[in-house]
Amino acid sequence: MRLPAYDGRSNLYTAGRLPFDAREFVIRLAVDDDGVSGATAREKEYKVAIKFAAGADLRHLREFMAGRQPDEPQGALQVLDVVLREVASQRYLSVRRSFYSPDIRTPQRLGDGLQSWFGFYQSIRPTQMGLSLNIDMSSTAFVEPLPVIDFAAQIVGKDVMSRPLSDANRVRIKKALRDLKVEITHRGSLRRKYRVFGLTAQPTHELIFPIDDEMKSVVEYFTEMYGFTIKQPHLPCLLVGNQKKPNYLPMEACKIVEGQRYKKRLNEKQITSLLKVTCQRPGDKEMDIRRTVHQNGYDQDPYAKEFGINISDKLTSIEARVLPAPWLKYHDTGKESECLPRVGEWDMKNKKVVNGCIVNHWASINFSRSVQESTASGFCQELAQTCKLLGMV
C-alpha cells in the first residue's frame, strides 16, 4: 500500500507506481451550505479522479548536486517539498510556505479583534553541503476567536451591551464581520458554523420573519425553539446563510471560529504590536527552531520514510569568522583623529567630521504647549554649539 503526499491542489505523489494508471472514486462528505464541514451538515457527493501524469526522476537532482548539471531540477525539489510538508499540513494551518498554530507559542493581542499566531517557514534547499531543510520562525495576524459581542466591542473601542449601536459603529462592525465564520453557542455541544455576510439594519427586538403561515419575532423564536433568552435585543443580528433568504443569528449567540487568517491591511498600531512580538534575539530564535524540529519529529515522519528521506535533527554547522572593524578617520583638528569601533559601536566625543557642512539658514518649530519658549531657545543654542564642536559651521 502506497502512502501518497498531496500538494493541496492537483498533484498527488507516490514513491512508486500505483497498480492503475487512471481511476475515479466517489467520496461522500458532510458539508454545510457555506462549505464548512460538520457533523450536522448535509452530505455531499464528490467525484475524485486519479490519473498518472509523469514520473519525477531524482537522478537530475543528484547530477545537479554533484555539479554536473547547470539547471536546478525544480520538479524533483517540489516533490521532496510536498512530501516533507504533508504531516505539517495535517497538523497546522498552512499559509503559503508557512505553518501556524496557537499551540506553537501563546498568541498575542494586536488590537481591534486581532491576534498574532506564531509558526514556521519550511522549504527544501540545495546547498554546498547537500540538500538542506530550511526552517525559520514566522508570525502573522489572525482574527481572535472571541464571542461576537466582545469582538464588536474591540472594533468600536467601547462597550456595546449598554446602548444601541450608532449607524457609524454598526457599519464598522459589519465590515469587520463580513466573510468571517462564526459558530453558534446557544445549543450546547452543537456548534454549527456559518459565514457572515452582513448585519441587520434593525435591532433584534424589531426583527420578524414568516414561519408556518404566521409572522414571528426573532426574540420569540429563540425562546420557544431553543429556550434561549436574548439579553441584548437592542443589538442587530448577524446575517448568515443564503443572501436571498438569510438567517438571523443574535450576536450574543455566536462566537468567532478559531483559525481565520486576517488578509486585510493592518493599521499602524497593529503593525507595531506584531513587530514587537515577532522580534527575537538570535539565541531565542535558535531555541524556537530546535523546539519546532523536535515537535515535528521529522525522524518519525511516515511520509519521509515512505520516500526514503532521512533528516538529521541537528542544526548545520558552518565555519565563520568575525571581520575586523575598520579604522574610522576624522578631521585632524579634533582631539581624536582616528577611531576603532568596538562591538560595532563608537561615538563622536572629541572628534570632528572630515568635511563639515555650512548651514546658513535653519529653524526650529515647537509644536508642544508644555515646552516653554526659554526651553526651546536653550535647546537651539546647545544644538548650534554642539554642531560647531563637531566641525559644522
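Numbering (full-length UniProt numbering), first residue to last: 1 to 393.
Beta carbons: idealized from backbone N, C-alpha and C, even for Gly.
Here the structure is a predicted model, which means the values were calculated and not measured.
By the neighbour-count criterion, in which a residue is buried when 16 or more other Cβ atoms sit within 10 angstroms of its Cβ, Ala5 is buried.
Distance from the Cα of Met137 is smallest, within the candidate group Lys388, Glu306, Arg291, for Arg291. Within the DSSP bridge table, the entry for Glu214 names Ile211 as partners. The secondary-structure analysis by DSSP pairs Met137 across a beta bridge with Phe120. Lys352 counts as buried, since no fewer than 16 other beta carbons sit within 10 angstroms of its beta carbon. Taking all protein chains shown into account, Thr140 has 16 or more neighbouring C-beta atoms within 10 Å of its C-beta and is therefore buried.
Where Tyr298 is concerned, there is no enclosing alpha helix (DSSP H), because DSSP gives it neither an H nor an E. Annotation: the continuous alpha helix (DSSP H) that includes Arg59 extends over 59 to 65. Following the DSSP letters along the chain, one finds Gln78 inside the alpha helix (DSSP H) bounded by residues 74 to 91. Remark: three or more beta-carbon pairs, one from each stretch, lie closer than 8 Å, so the region 271 to 289 and the region 105 to 121 are flagged as touching. Here Ser364 is exposed. Its C-beta has fewer than 16 other C-beta atoms within 10 Å. When DSSP states are grouped into helix, strand and coil, Tyr303 belongs to the helix group.
C-alpha of Phe120 to C-alpha of Arg9: approximately 21 Å in a straight line. The straight-line gap separating the alpha-carbon atoms of Pro324 and Tyr92 is approximately 44 Å. When the five nearest sequence neighbours on each side are left out, the beta carbons in the same chain lying within less than 6 Å of the beta carbon of Ile27 are those of Tyr46, Val48, in order along the chain. Apart from the 5 residues on each side of it in sequence, Tyr330 sits with its Cβ closer than 8 Å to the Cβ of Glu336, Ser337, Glu338, Cys339, Lys351, Lys352, Val353, Val354 in its chain, given in chain order. Taking the Cα of Lys245 as reference, the smallest distance to any Cα among Ile211, Lys269, Ile289 is reached at Ile211. Bridge pairing for Phe25: Val48 [DSSP].
In the DSSP assignment, the residues bridged to Ala5 are Tyr13. The continuous alpha helix (DSSP H) containing Asn169 extends over residues 167 to 177.
The Cβ atoms of Ile184 and Ile173 lie no closer than 7 Å to each other. Residue pairing by DSSP puts Gln115 in a beta bridge opposite Arg109, Phe142. Residues of the same chain with a CB within less than 8 Å of the CB of Gly356, apart from the 5 flanking positions on each side, are His331, Leu390, Gly391, Met392, Val393 in chain order. The beta carbon of His294 sits closer than 6 Å to none of the beta carbons in its chain outside the five residues before and after it. The region 228 to 309 is shown to contain whole beta strand (DSSP E) runs of 3 or more residues at 236 to 241, 246 to 250, 254 to 256, in chain order.
Between Tyr13 and Val95, the gap from beta carbon to beta carbon reaches 7 Å or more. Separation of Asp150 and Arg281 (C-alpha to C-alpha, rounded to the nearest whole angstrom) is 34 Å.
The three-state secondary structure of Val148, taken from DSSP, is helix. Here the alpha carbon of Lys175 sits roughly 17 Å from the alpha carbon of Lys255. Within the model, the alpha-carbon separation for Met251 versus Lys44 is close to 29 Å. Comparing C-alpha distances from Arg191 to each of Leu84, Lys181, Phe197, Thr200 shows the shortest one belongs to Lys181. Annotation for Thr200: no alpha helix (DSSP H) segment contains it, though the beta strand (DSSP E) segment containing it runs 193 to 203. The shortest CA-to-CA distance from Leu239 to any of Leu266, Phe197, Leu177 is the one to Phe197. Around the C-beta of Phe142, 16 or more other C-beta atoms lie within 10 Å, and the residue is accordingly described as buried.
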